[in-house]
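The listed protein sequences correspond, in order, to chains B and W.
Using my numbering, you'd call the opening residue of the first sequence number 1 and step up by one each time.
Using my numbering, you'd call the opening residue of the second sequence number 1001 and step up by one each time.
Idealized CB from N, CA, C, for every residue including glycine.
This report concerns only the one structure given below.
There are 2 protein chains.
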Amino acid sequence: MTADAQLHAEQTEFIAGVAGKLNDFLSEQQEIMATISPDVAPLMGSISNLVTGGKRLRALMCYWGWRGAGGDSGDAEIVTAGCALELFQAAALIHDDIIDRSDTRRGGPSVHRRFSQLHEMNGWALDNERFGHAAAILTGDLCLSFSEESFTQIGPRAAAGSQSRRIFNLMRAEVMAGQYLDILEEVAGPVRDRSGAVDRAKSIIRYKSAKYSTEHPLALGGALAGASPELLDGYSAFSLPLGEAFQLRDDVLGVFGDPETTGKPAGDDLREGKRTVLVGFAINQAPAAESAYIDRMLGNQALGEVEVSEIRQIIVECGALDATESLIAELSDKAFSALERLPLAELPLTALRQLAEAAVSRAA
Amino acid sequence: MTADAQLHAEQTEFIAGVAGKLNDFLSEQQEIMATISPDVAPLMGSISNLVTGGKRLRALMCYWGWRGAGGDSGDAEIVTAGCALELFQAAALIHDDIIDRSDTRRGGPSVHRRFSQLHEMNGWALDNERFGHAAAILTGDLCLSFSEESFTQIGPRAAAGSQSRRIFNLMRAEVMAGQYLDILEEVAGPVRDRSGAVDRAKSIIRYKSAKYSTEHPLALGGALAGASPELLDGYSAFSLPLGEAFQLRDDVLGVFGDPETTGKPAGDDLREGKRTVLVGFAINQAPAAESAYIDRMLGNQALGEVEVSEIRQIIVECGALDATESLIAELSDKAFSALERLPLAELPLTALRQLAEAAVSRAA
């Protein structure tokens, strides 16, 4: 088997392991739920549906962090850790979609929309949207609890006081804080110091995305395999700029992405009022009238194709898109050179390189 | 010291221990949060504020469950367990208040209202109510994570696979399922079989309240102290009917309670559309026209004093209030006789008796 085939086979086996473990875990939970009432089935269905898809970026970062630190390829603990990360991600997405009023997720209805539709289909009373939000809050809470339950099942290596438990706790707290900073900037950004917009947006992506999507999962895998503090520092030097570049790419796709590929309506980030680094550059670099136009349009739910394409044009012409692409390139360079300095075996090194390339050059 | 003074002193010491531990725990978390941004302080402030008050019913059930099973009075683990339960309760309240659109909590603004007010005070952009909801979803998620982190700090006795971990997991899943059944009944109740309304309402209070507020906390304390399966069964025979009576009392207060004492506007449960056992009895026992009137008014946010008092009158005249009070009395009797059969020392027995009396006869 070539090195590349070996990598592919190992990664496929891990992903299949995580999928199988998620399935077993959720089946067990479903048995408990069934004893309560058949009516709660849609909560479980929503969670199962959500953990079935996705790029499994976090689980894979965790896996290669583990392998890089000498963890064994056939280990059940790392599969359980991947399962916990995927459940946490599902919980975060459920609540995120409520917060961002996103009605679609991976091309299908988001969880709160699924519950609104259930309400409509059954001809239930009162407000279907409100019911959808309430049900999705509870589904997210349930999924958050499942994530934790799954993480604890790792056993002694994830026990109280362990390094991996500390990382998992910090990851949760930081992503929630980061998401708060994100929604705060949407409302406070317009009245705050404009020249600080890019720095604030950078801080937001660090906490809500980079630490959560790449840095902590990689460190978690490393810590579970007993990585040295030096190796964990090296992991961070690679994964933090990588995660930042990953989120900047996401921000670009949120404005310029093809809805067919991203599974989300074009310009959704603008309608939502997201004050990303891309938008921060535009607001600072565009002529006053155009900058004010963006400020006025951000967060306007009624934004149509015409306005979205006007804003796109401003972003391109003022050089904000270029500035963002330069930043992505700079952060990617930083990540890739840190990666090459890591004392890793060929297999995990190649795997992380491939993951990193996919993360920063993706189109969806 | 008399037995009563001893009980009081011990309980006071435990409550102070939980408060101190909560304070230490949240201070540590605040230090982490402060490294992210000073902007996230309101999330921590909301959580601190919420865990400062309250009846500490769950922590106390846990404590006496522990003492009844032979646990030591000066133990740090049970204080940590109480802390985890209080944090879980705070998280549940934060999300509950969003779901139920409750703008007040213990006489002050609920968490989503606090964030809406912060938005207004600062003259931020876009919608203050939406910001409040989003921020409160995140604050609840953070608090849910804290609860778990705190629970894990108990150590080996709460490790993966332990009886106490199983109880904690089940408690979380059941309360979320029960809350879903509650909001489902609000919307599906009007189109479902009317004769099943009381039974459905009974199932809801079992899961969303009785198991969560009394049965599981008591069992958790017992399990941490190594209680036998027989003792845990005996605990359930006492605590499940107690919790049901507790919630029925809550339902009565939700319609008939004095706002000065409950800290909530009169008739809020009706405005919210809660289909409680009390309402189920009324819908089945009232004359057709009055039953239809209640059906029509439930969930109407604009319900005024006049309508609330009309509904109250219907509930009283058709015998629904009496039926509910009889059920409370019946469940209380069941709980108290099960309590007297428990093989407990005098101190925990008296403590549980006092807690139970307070739970079913309270006015707030």
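- Among the residues facing chain B, ASP1039 of chain W is included, as its CB has a counterpart in that chain under 7 angstroms away.
- Residues of chain W whose Cβ lies closer than 7 angstroms to the Cβ of TRP124 of chain B are, in chain order, VAL1187, ALA1188, VAL1191.
- The C-alpha of VAL1018 of chain W is placed about 22 angstroms away from the C-alpha of ALA1227 of chain W.
- Look at the segment 1273-1299 of chain W: the residues with a C-beta under 7 angstroms from a C-beta of chain B are GLY1273, GLY1299.
- The Cβ atoms of TRP64 of chain B and LEU352 of chain B lie closer than 7 angstroms to each other.
- For GLU148 of chain B, at least one C-beta of chain W is nearer than 7 angstroms to its own C-beta.
- Per the coordinates, the alpha-carbon of ALA34 of chain B lies some 7 angstroms from the alpha-carbon of ALA41 of chain B.
- In chain order, HIS216, ALA219, LEU220, ALA223 place their CB closer than 8 angstroms to the CB of ILE167 of chain B, counting only its own chain and leaving out the 5 sequence neighbours on each side.
- THR1139 of chain W is positioned such that its CB atom lies no closer than 7 angstroms to that of SER1236 of chain W.
- Burial check for PRO1190 of chain W: the Cβ neighbour count within 10 Å reaches 16 or more, so the residue is buried.
- In summary, MET171 of chain B is buried, with 16 or more beta-carbon neighbours lying within 10 Å of its beta-carbon over all protein chains present.
- HIS1112 of chain W and ALA1135 of chain W have their C-alpha atoms roughly 7 angstroms apart.
- Chain order gives the chain B residues near ALA1160 of chain W as THR152, GLN153, GLY155, where near means a beta carbon separation below 7 angstroms.
- By the neighbour-count definition (other C-beta atoms within 10 Å, threshold 16), GLN1301 of chain W is an exposed residue.
- Non-local C-beta neighbours of LYS1264 of chain W in its own chain, meaning closer than 8 angstroms and more than five positions away in sequence, comprise SER1102, THR1104, GLY1254, GLY1257, ordered along the chain.
- For GLU120 of chain B, the uninterrupted alpha helix (DSSP H) run begins and ends at 111-122, by DSSP.
- Under the Cβ distance rule, MET1176 of chain W counts among the residues neighbouring chain B, one pair being separated by less than 7 angstroms.
- Contact between the segment 328-345 of chain B and the segment 238-255 of chain B is present: three or more C-beta pairs spanning the two stretches fall below 8 angstroms.
- For GLY1054 of chain W, the secondary structure class from DSSP, reduced to helix, strand or coil, is coil.
- The beta carbon of HIS1095 of chain W falls within 7 angstroms of a beta carbon belonging to chain B, placing the residue at that interface.
- Around the Cβ of VAL1175 of chain W, a 10 Å sphere holds 16 or more other Cβ atoms; the residue is buried.
- A Cβ of chain B is located within less than 7 angstroms of the beta carbon of GLN1179 of chain W.
- The beta-carbon separation of ILE1183 of chain W and ILE1314 of chain W, rounded to 24 angstroms, does not stay under the 8 angstroms limit for a contact.
- For VAL1252 of chain W, the uninterrupted alpha helix (DSSP H) run begins and ends at 1229-1256, by DSSP.
- By the rule that beta-carbons nearer than 7 angstroms mark a contact, SER213 of chain B does not touch chain W.
- For ARG1172 of chain W, a Cβ of chain B is located within less than 7 angstroms of the residue's own Cβ.
- At a cut-off of 7 angstroms between beta carbons, ILE1204 of chain W makes no contact with chain B.
- With its beta carbon at least 7 angstroms from every one in chain W, SER236 of chain B lies outside the interface.
- Listed as beta-bridge partners of GLY1108 of chain W by DSSP are W:ARG1105.
- Rounded to the nearest whole angstrom, the C-alpha separation of MET61 of chain B and ASP1039 of chain W is 30 angstroms.
- By the neighbour-count criterion, in which a residue is buried when 16 or more other Cβ atoms sit within 10 angstroms of its Cβ, ARG1341 of chain W is exposed.
- Residue contact with chain W for LEU43 of chain B: present (Cβ-Cβ distance below 7 angstroms to some residue of chain W).
- For the pair GLN6 of chain B and SER150 of chain B, the Cα-to-Cα distance works out to about 28 angstroms.
- Unbroken alpha helix (DSSP H) stretches of 4 residues or longer found wholly inside the segment 1275-1322 of chain W: 1277-1285, 1288-1297, 1305-1317, given in chain order.
- Using a Cβ distance threshold of 7 angstroms, ALA1197 of chain W and ILE1328 of chain W do not count as a contacting pair.
- In this structure, VAL279 of chain B and LEU248 of chain B do not form a Cβ contact; the two beta carbons are roughly 12 angstroms apart against a cut-off of 8 angstroms.
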